[in-house]
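In the numbering used here, the protein residues as written are 79 to 343.
Read through the structure below, which is laid out as structure tokens, and then see the notes.
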């Protein structure tokens, strides 16, 4: 299966995210391999302040329009400074880095003490990365569990949609053939009644099949075909190995995913 990517999207040169952080590739490679995510995971700049000024609490529409193309977007989670959305074949964690920076500056004014060999700017940068790591770690964990649940439910629903019509059709064929083999409807005292019974059973199967086809349309909203393999459309996938190893990798590496940008000396 194709290995998906973890990236931090570049933002304008003055952006806090673009200027201060980068991906720890070793941690990212471990997580993307062990979790077997089926969508790329991109950390992007959010637009909390601009959205609040423009449209009140409509954060998602503004950030979606500015960061990537508008498609069918599903918001999966939100904290005070980030929003996780599923958009096609990509996860977007939109972090409002300016909000983090403001919080860190306020924190620095209250907590920084000189004389320990560090500058206030250096300490605030470390705190900024610490808070960013927490948001990214929580975001990718939420994406992981959301995707695993979606695969399980979607594959189970998809396989059942294929199995039920075949089971009903098989029942209809069995009922009819069994009846005509055991007792011919053309002889006997209750021939007409028996024929009606058989016809009623077949009609009930046809009605059930028709109802299932209608239900199938409604079930489409619960099925995520984009991340299902051909096999998973027939057999539900419990994903035990990726859940076990992915959970372990997230525990060990999710807080290492981003770091201060390494400056050339």
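For every residue, glycine included, the Cβ atom is placed at its ideal position computed from N, Cα and C.
Exercise for the section: Inspect the CB distances between the stretch 150-157 and the stretch 198-211 and report whether three or more fall short of 8 Å. Expected result: no
Exercise for the section: Report, in whole angstroms, the separation of the C-beta atoms of residue 336 and residue 100, which I expect to be a contact under 8 Å. Expected result: 7 Å
Practice task
Would you kindly report the start and end of the unbroken alpha helix (DSSP H) that includes residue 113?
Solution key: 103-113
Handout entry: Beta-carbon gap between residue 118 and residue 304 smaller than 8 Å
Key = no
Practice task
Please report the Cβ distance between residue 32 and residue 302, rounded to the nearest whole angstrom; I am assuming they are in contact, meaning their Cβ atoms lie under 8 Å.
Solution key: Nothing in the structure corresponds to residue 32, since the chain is present only between 79 and 343.
Exercise for the section: Using a threshold of 8 Å, state whether the C-beta atoms of residue 110 and residue 83 are closer than that. Expected result: yes
Exercise for the section: Classify residue 320 as buried or exposed, calling it buried when 16 or more other Cβ atoms lie within 10 Å of its own Cβ. Expected result: buried
Exercise for the section: Report the residue from 161, 160, 309 whose alpha carbon sits nearest the alpha carbon of residue 232. Expected result: 309
Problem - Reduced DSSP secondary structure (H/G/I, E/B, other) of residue 99 - result: strand
Practice task
Step through the CB atoms of chain D and report whether any lies within less than 8 Å of the CB of residue 304.
Solution key: Annotation note: the requested chain D is absent from the structure, which comprises a single protein chain.
Exercise for the section: Determine the burial state of residue 91: buried for a count of at least 16 other Cβ atoms within 10 Å of its Cβ, exposed for fewer. Expected result: The predicted model places residue 91 with a pLDDT of 42, which falls under 50 and marks its position as unreliable; any figure quoted below should be read in that light. Exposed, by the Cβ-count rule.
Problem - Per-residue burial, residue 200 [other beta carbons within 10 Å of its own, 16 or more giving buried] - result: exposed
Problem - residue 143 - DSSP class collapsed to helix/strand/coil - result: Caution is warranted here: a pLDDT of 44 is assigned to residue 143, below 50, making its placement in the model unreliable, and no coordinate value can be reported.
Problem - residue 165, enclosing beta strand (DSSP E) - first and last residue - result: 160-165
Practice task
Compute the distance between the beta-carbons of residue 161 and residue 176, then report whether it is under 8 Å.
Solution key: no
Exercise for the section: Output the distance between the C-alpha atoms of residue 327 and residue 317, rounded to the nearest integer angstrom. Expected result: 15 Å
Problem - Spatial neighbours of residue 105 in its chain, beta-carbon cut-off 6 Å, leaving aside the 5 residues before and after - result: 331, 334, 335
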